[in-house]
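Novice:
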Amino acid sequence: MAGKKLDISVAQQALNARNRAATLNEAAALLGIPLRTLENRLTEAKRMKLVPGSDLGDPNSPLALRTQIARLNAELAVASRSSAEAADIKRVIDTISLAVDELDVPEWLVASPRASTTDGVPTLMLSDWHGGEVVVPSQINNVNEYNVKIMRERAVTLIDSAVHLLKIIDPKMRYPGIVLPLGGDMVSGNIHDELTATNEIQSMPAVLELYEILASIIEKVASIFGKVFVPCVGGNHGRNTVKTWHKDRQHTSFDWLIYQFLARRFASDKRVTFYIPQSTGAYYKIYGHRYWLVHGDGFRGGDGMIGCLGPIIRGDHKMRSRNAQIDQPYDTMILGHFHQYLHHGRVIVNGSLKGYDEYAFDAGFSFEQPQQALWLTHPKYGITYRMPVYVDRKRAPAKTEWVSVPQGSRG
6 MAGKKLDISV AQQALNARNR AATLNEAAAL LGIPLRTLEN RLTEAKRMKL
56 VPGSDLGDPN SPLALRTQIA RLNAELAVAS RSSAEAADIK RVIDTISLAV
106 DELDVPEWLV ASPRASTTDG VPTLMLSDWH GGEVVVPSQI NNVNEYNVKI
156 MRERAVTLID SAVHLLKIID PKMRYPGIVL PLGGDMVSGN IHDELTATNE
206 IQSMPAVLEL YEILASIIEK VASIFGKVFV PCVGGNHGRN TVKTWHKDRQ
256 HTSFDWLIYQ FLARRFASDK RVTFYIPQST GAYYKIYGHR YWLVHGDGFR
306 GGDGMIGCLG PIIRGDHKMR SRNAQIDQPY DTMILGHFHQ YLHHGRVIVN
356 GSLKGYDEYA FDAGFSFEQP QQALWLTHPK YGITYRMPVY VDRKRAPAKT
406 EWVSVPQGSR G
């Protein structure tokens, strides 16, 4: 049976790579294909009487751009022997990527309206979803359950409940837009052996699942509020390294990958603005109120009865001091990580979509319903309304029947 006919553009690509490279092996590396495959394609290119350098097809098509990025990345690896050449190629790659790592503040966030015309800008923080993880009810006295199906259901409940609460505050929904901080740990990851063994799905399928859910959320709130601002930071669970990296942390995070997919999805949608900094913190303002968004995994060391409050307050003190030194002072730090909803005077700590789990149960942590933080930033008064958004329709843990022996029975 005759083999499948080789596409002329593929043959041309092979010929061009061979023309640029010093050896056949280097040309194959540029294309990311085996040497034998390259040789077969070169034979076909010769049969087609192609010449090096011809440019076939639309260079601006998605396929052509993806091919260009892959080729440039491969060239960067081959050219790593020369730092100057590598830097030149990387600059070309970066021009194809979206510029979402620099803050481009939407006008509606900074143009202060008359205080009497609005209740402010709502912020709904999304973090600590742990997509792919499983919480088994029987292992925590049936007070919670979690899996991919429940994650989807809670995501729907989250948006419906948040909109319901905001309609109570303003039935006419006269909000300039909405802020959706993505605070990390969206993916469960495989950072512990027990997660590797018990996760319902692996990190890659979890990325795709979360991408679809978050894309539908952004689309829905954009249609309701008109404008959406999405600042993003990664967590510690979604990493693909054994330990959390300090250098190049974002590029080792599945959270960051989801954010990039979403930014590309909405790149042409003028209603949506993404901010995905390369650092571990996102600094932005709503009207004049200054926010500092981090994940919170850098704050360690519990303090007995006060739990996570000690490391959070100490961490806030250290960050305020550092940010003041670099001319980035803030009014409110917002973070996740601790799976406990707190709204302190200067700090907002988000709850989790996953809710109470085996680790919290065994450690004796206080029970908390799965929830996410919602608040409003007023142009005159700063943070005003503040409320948790419960995402599970079961508002109380199920009662556990005590095992008892009927009176008068004998063994």
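Heads up, the sequence shown is in the numbering used here, so the first residue is 6 and it goes up one at a time. Where a beta carbon is used, it is the ideal one built from N, C-alpha and C, also for glycine.
(1) Would Tyr395 and Asn149 qualify as a contact pair, given that the criterion is a beta-carbon distance under 8 Å?
(2) Return the CA-CA distance between Lys162 and Gly320, expressed in angstroms with no decimal places.
(3) Excluding the 5 residues flanking Val105 on each side, which residues of the same chain have their C-beta closer than 7 Å to its C-beta?
(4) Please work out which residues of its chain come closer than 7 Å, Cβ to Cβ, to Ala220, disregarding the five sequence neighbours upstream and downstream, and give them in chain order.
(5) Tell me where the beta strand (DSSP E) around Val352 begins and ends.
(6) Confirm, please, whether the CB-CB distance from Ala211 to Gly137 is below 8 Å.
(7) Of all the options Arg254, Phe259, Met156, which has the alpha carbon lying nearest to the alpha carbon of Gly243?
(8) Output needed for Ser166: all residues of its chain with C-beta closer than 6 Å, excluding positions within five of it in sequence on either side, in chain order.
(9) So, with DSSP's three-state summary, where would you put Tyr292?
(10) Is Ser258 close to chain B, meaning its C-beta is less than 8 Å from at least one C-beta of that chain?
(11) Looking at the structure shown, is Ala202 part of a helix, part of a strand, or coil, going by DSSP?
(12) For Val354, count the other beta carbons within 10 Å of its own beta carbon; 16 or more makes it buried, fewer makes it exposed. Which is it?
(13) Please classify Met53 as buried or exposed, where buried requires at least 16 neighbouring CB atoms within 10 angstroms.
(14) Roughly how many whole angstroms lie between the Cα atoms of Leu68 and Leu170?
(15) For a quick check, are the C-beta atoms of Glu44 and Leu11 less than 8 Å apart?
(16) If you reduce the DSSP assignment to three classes, tell me which class Gly136 lands in.
(17) Looking at the structure shown, is Phe372 part of a helix, part of a strand, or coil, going by DSSP?
(18) What did DSSP end up calling Asp93 once you bin it into helix, strand or coil?
(19) Please classify Asn30: is it buried, with 16 or more other beta-carbons within 10 angstroms of its beta-carbon, or exposed?
(20) Below 8 Å, how does it come out for the stretch 170-188 and the stretch 313-333: are there three or more Cβ pairs, yes or no?
(21) Please list, in chain order, all residues of the same chain as Phe366 whose beta carbon is under 7 Å from its beta carbon, the five residues on each side excluded.
(22) Would you report the Cα separation of Ser14 and Gly58, rounded to the nearest angstrom?
(23) With burial defined as no fewer than 16 other Cβ atoms inside 10 Å of the residue's Cβ, what is the status of Ser102: buried or exposed?
Specialist: On the basis of the data shown:
(1) no
(2) According to the sequence provided, residue 162 is Thr. The question's Lys does not apply to it. Each residue's alpha carbon lies about 32 Å from the other.
(3) Ala268, Phe279, Tyr280, Ile281
(4) Here the set comprises Leu267, Arg270.
(5) Unbroken beta strand (DSSP E) run through Val352: 352-354.
(6) yes
(7) If we check each option's Cα against that of Gly243, Phe259 comes out closest.
(8) Val394
(9) If DSSP states are grouped into helix, strand and coil, Tyr292 belongs with coil.
(10) Protein chain content of the structure displayed is limited to a single chain, and chain B is not contained in it.
(11) helix
(12) buried
(13) exposed
(14) Note that Leu68 scores a pLDDT of 45, beneath 50, so its modelled location is shaky; the value from the coordinates is reported in the next line. Distance between the alpha carbons of Leu68 and Leu170: 44 Å.
(15) no
(16) In the structure shown, Gly136 sits in a strand (DSSP, three-state: E or B).
(17) coil
(18) Low confidence applies to Asp93: its pLDDT is 48, below 50, so where it sits in the model is not reliable enough to give any reading.
(19) exposed
(20) Contact annotation: the stretch 170-188 does not touch the stretch 313-333, with fewer than three C-beta pairs closer than 8 Å.
(21) So the qualifying residues of the chain are Ile145.
(22) 12 Å
(23) Residue confidence is low: Ser102 scores 49 on pLDDT, short of 50, so the model does not pin down where it sits. Its coordinate-derived value is still stated next. Ser102 should be labelled exposed.
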